[in-house]
Amino acid sequence: TYEISDGQGGTDTATAEITVHGEVAEDAPTAVLYQTISGQLYEFDTVARAYTAIGDPFGYSVNAVGYNTEDDQMYAIVTSTDGTDSDGPALTRNDVVRIDTDGTTHRIGDSGFDNDAALSKSFVGDFDDSGNLWVMRGGGKWLGKIEIDDITGDVMATETIRIADEFKGKIADFAFVPRENAFFAVS
């Protein structure tokens, strides 16, 4: 059962039932999700419903994690005030880090949002299909766009974009859907 809101106070609920027929091949890939929790990368096995820690804890907090299909890497925004990446350089709040599949992290640049109260400590993030990390604070009226170079993985440019004043919701998360060329959000 799910509930849909029109953003204007109207809601509707519905129930969907899904039945899957057939057998799962022995060599079928396992469905997993990656999640950062309290400065640690975890793999969540959706079949076993279990977390497995990957690598060592970061030693700092990140959020607004997104997966870039252009270079097959995860990126995040540093949300704590201190820490170092896996190579040793000091990190500051709002730095952009790349998270490797072994749990190591590497600072790739400054998000440019250090003095931007609307985007500082963003916690919602995802990539579009052009290699841009989009970030947001859930109740905010601003989006941050961070262009990541698909060859070097460096921060190329940042931009702040105002959302229409008519938007009254609070966003808990969003995801980019390429076939729609749009972000879809949950509140």
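Every letter in the sequence shown is one number past the one before it in this note's numbering, and letter 170, counting from 1, is 172. Idealized CB from N, CA, C, for every residue including glycine.
C-alpha of residue 143 to C-alpha of residue 164: approximately 6 Å in a straight line.
By the neighbour-count criterion, in which 16 or more other beta carbons inside 10 Å mark a residue as buried, residue 110 falls on the buried side. If only uninterrupted beta strand (DSSP E) runs of at least 3 residues are considered, those enclosed by the stretch 143 to 170 are 144 to 150 and 157 to 164. In the three-state scheme derived from DSSP, where H, G and I count as helix and E and B as strand, residue 181 is classed as helix. Taking a contact as a CB-CB distance under 8 Å, the pair residue 138 and residue 126 counts as one, their CB atoms being some 4 Å apart. The alpha-carbon separation between residue 154 and residue 10 amounts to approximately 43 Å.
Partner residues in the beta bridge of residue 68, as assigned by DSSP, are 77. Across the structure, residue 105 and residue 150 are spaced so that their CA atoms are roughly 20 Å apart. About 6 Å separates the Cβ atoms of residue 129 and residue 178, confirming a contact at the 8 Å cut-off.
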